[in-house]
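Each position in the sequence shown, counted from 1, maps to that position plus 78 in our numbering.
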Amino acid sequence: MTFFPEGTANVVIAGPGAVADLPERAWYLSEHHLVGRESGGVVLASGWADYVEPEAKHQWFETARGDGAIWLGAVIEPRRFKIPVYVHKIHGSHIHKVEDGFWSDIWYEFQSRLYVNSPRGVKYCDFRLDAAPSVEHESDPVFEGFQPYLIPVVVEKAWWFGLPEEFSWVNGQPVTKKTLYNSGDRKAMPVITIKGPGVFQLPDGVSDKVVTTPNLKVGEVVVIHTDMSVRPKSNMRTNFYGDLGGQRFLKDNAVPGRRRMDMSRLKCIGGNAASSAVFTIEPKSRRPF
Numbered sequence: 079m080t081f082f083p084e085g086t087a088n089v090v091i092a093g094p095g096a097v098a099d100l101p102e103r104a105w106y107l108s109e110h111h112l113v114g115r116e117s118g119g120v121v122l123a124s125g126w127a128d129y130v131e132p133e134a135k136h137q138w139f140e141t142a143r144g145d146g147a148i149w150l151g152a153v154i155e156p157r158r159f160k161i162p163v164y165v166h167k168i169h170g171s172h173i174h175k176v177e178d179g180f181w182s183d184i185w186y187e188f189q190s191r192l193y194v195n196s197p198r199g200v201k202y203c204d205f206r207l208d209a210a211p212s213v214e215h216e217s218d219p220v221f222e223g224f225q226p227y228l229i230p231v232v233v234e235k236a237w238w239f240g241l242p243e244e245f246s247w248v249n250g251q252p253v254t255k256k257t258l259y260n261s262g263d264r265k266a267m268p269v270i271t272i273k274g275p276g277v278f279q280l281p282d283g284v285s286d287k288v289v290t291t292p293n294l295k296v297g298e299v300v301v302i303h304t305d306m307s308v309r310p311k312s313n314m315r316t317n318f319y320g321d322l323g324g325q326r327f328l329k330d331n332a333v334p335g336r337r338r339m340d341m342s343r344l345k346c347i348g349g350n351a352a353s354s355a356v357f358t359i360e361p362k363s364r365r366p367f
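Structure follows, in structure tokens:
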């Protein structure tokens, strides 16, 4: 048996651990992943199909004298779906002990992490309990040794996230034919971390434009969220944002899903061997596969 028999995925729930004063714990829900290892007592049941797409609300501009409306955009709602599981007894542990551990890791007041690992990579989302789990096919769990549940969960950040994609560069290294890959299916704007000295010319997404920084001092480190969700931060100046002189990274130049960003325009003028840049994309996808 292979790690992904017939291309299937394995699904894992990781509890919150120390942040909720709980043990660091993971629940491997896919039975085929447990070859050669004892089950933890919780497995994924059939019927899990509502995790694929998030809900959205369309925003419209309507006038009293006009027919129809003008579409302004769509707001993605928090993602809601239900996870079907079987909780069962295992060798050396009564079913109630398994239930105590599993339900301790899922609650309204903290988030747990759901991983879907497949041949295409790792995708995850952070969820919390959305309503009371329902018991499917009621039976006596002590007599039967298992209990099926349907767990309603809500995901605040509606996308499935992938492992970060990164491009690291040190002054003097070639950049010809170098790229940064967005493995998600949503557009993404990188976070850039640069270290002086020198003036950096930073590629603006998939456009042919660059954003030129002020002259960084020796040892100066700047973190730039190119989507401007967070103002640029420097460890040596108070207003790096203002020092950019009106230059901005444009959202129209975001890296499309499953596309590469050309890094050949990256330069450092007046730098030395300590000058460096790191571009990081956090991939986002509509689906976990």
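All C-beta atoms, glycine included, are put in the ideal place defined by N, C-alpha and C.
For residue i, is the classification buried or exposed, using 16 other Cβ atoms within 10 angstroms of its Cβ as the cut-off for buried?
{"i": "Ile272", "result": "buried"}
{"i": "Gly240", "result": "buried"}
{"i": "Ser124", "result": "exposed"}
{"i": "Pro252", "result": "exposed"}
{"i": "Ile347", "result": "exposed"}
{"i": "Gln137", "result": "exposed"}
{"i": "Ala127", "result": "exposed"}
{"i": "Ser312", "result": "buried"}
{"i": "Gly283", "result": "buried"}
{"i": "Val89", "result": "buried"}
{"i": "Asn260", "result": "buried"}
{"i": "Pro197", "result": "exposed"}
With distance defined between alpha-carbon atoms, name the residue in the options nearest to residue i.
{"i": "Val94", "options": "Trp185, Lys362 and Ser108", "result": "The displayed chain sequence assigns Pro, not Val, to residue 94. Selected option, being the one with the closest Cα: Trp185."}
{"i": "Tyr106", "options": "Val163, Val97, Lys329 and Ser124", "result": "Val163"}
{"i": "Trp149", "options": "Glu187, Lys135 and Ile161", "result": "Lys135"}
{"i": "Ile161", "options": "Gly144, Gly146, Gly170 and Pro211", "result": "Pro211"}
{"i": "Phe205", "options": "Gln225, Glu177 and Pro230", "result": "Pro230"}
{"i": "Asp99", "options": "His172, Phe188 and Gly170", "result": "Phe188"}
{"i": "Thr86", "options": "Arg103, Gly199, Ser171 and Asp321", "result": "Gly199"}
{"i": "Ser342", "options": "Gly320, Val97, Val213 and Lys256", "result": "Lys256"}
{"i": "Val153", "options": "Lys329, Glu133 and Tyr193", "result": "Glu133"}
At the level of alpha carbons, what is the spacing between residue i and residue j?
{"i": "Phe81", "j": "Gly276", "result": "Annotation note: pLDDT 49 at Phe81 (below 50); position unreliable, coordinate value reported separately. Taking the straight line joining both Cα atoms gives about 47 Å."}
{"i": "Tyr129", "j": "Thr304", "result": "30 Å"}
{"i": "Lys295", "j": "Gly274", "result": "5 Å"}
{"i": "Lys201", "j": "Arg143", "result": "47 Å"}
{"i": "Gly349", "j": "Arg264", "result": "34 Å"}
{"i": "Glu102", "j": "Ser285", "result": "44 Å"}
{"i": "Ser182", "j": "Pro242", "result": "29 Å"}
{"i": "Ala351", "j": "Asn195", "result": "39 Å"}
{"i": "Ile302", "j": "Val308", "result": "8 Å"}
{"i": "Ile168", "j": "Ser217", "result": "18 Å"}
{"i": "Tyr319", "j": "Met339", "result": "24 Å"}
{"i": "Leu192", "j": "Trp238", "result": "10 Å"}
{"i": "Phe367", "j": "Ala266", "result": "18 Å"}
{"i": "Met314", "j": "Asn293", "result": "12 Å"}
{"i": "Val213", "j": "Phe159", "result": "16 Å"}
Going by beta carbon distance, what residues of the same chain come within less than 6 Å of residue i, once the five residues before and after it are set aside?
{"i": "Glu109", "result": "Val121"}
{"i": "Thr290", "result": "Gln279"}
{"i": "Val248", "result": "Ser354"}
{"i": "Asn331", "result": "Asp282, Gly283, Val284 and Ser285"}
{"i": "Phe357", "result": "Phe245, Leu258, Pro268 and Ile270"}
Cutting at 7 Å between CB atoms, please list the residues of its own chain near residue i, excluding the five before and the five after it.
{"i": "Pro156", "result": "Val232, Val233, Glu234 and Ala236"}
{"i": "Gly262", "result": "Gly240, Gly335, Pro361, Lys362 and Ser363"}
{"i": "Val165", "result": "Gly119, Val120, Ile173, Val176, Glu177, Phe180, Phe224, Gln225 and Tyr227"}
{"i": "Gly146", "result": "none"}
{"i": "Phe139", "result": "Ala147, Ile148 and Leu150"}
DSSP beta-bridge partners for residue i?
{"i": "Glu243", "result": "Ile359"}
{"i": "Arg191", "result": "Ala92 and Asp204"}
{"i": "Pro230", "result": "Lys160"}
{"i": "Ile270", "result": "Ile302 and Phe357"}
{"i": "Val121", "result": "Tyr164"}
{"i": "Ala210", "result": "Answer by DSSP bridge pairing: none, since Ala210 is not bridged."}
{"i": "Trp238", "result": "Ser363"}
{"i": "Pro281", "result": "Val288"}
{"i": "Ser196", "result": "Gly199"}
{"i": "Met339", "result": "Leu258"}
In its own chain, which residues sit with a C-beta less than 8 Å from the C-beta of residue i, not counting the 5 before and 5 after it?
{"i": "Ala209", "result": "Pro230"}
{"i": "Ile190", "result": "The amino acid at residue 190 is misidentified as Ile; the sequence shows Ser. Only Ile91, Ala92, Gly93, Pro94, Asp183, Ile184, Asp204, Phe205 and Arg206 meet the Cβ criterion."}
{"i": "Glu131", "result": "Arg364 and Arg365"}
{"i": "Gln325", "result": "Val289 and Thr290"}
{"i": "Val53", "result": "With the chain covering 79 to 367 only, the question about residue 53 has no answer from this structure."}
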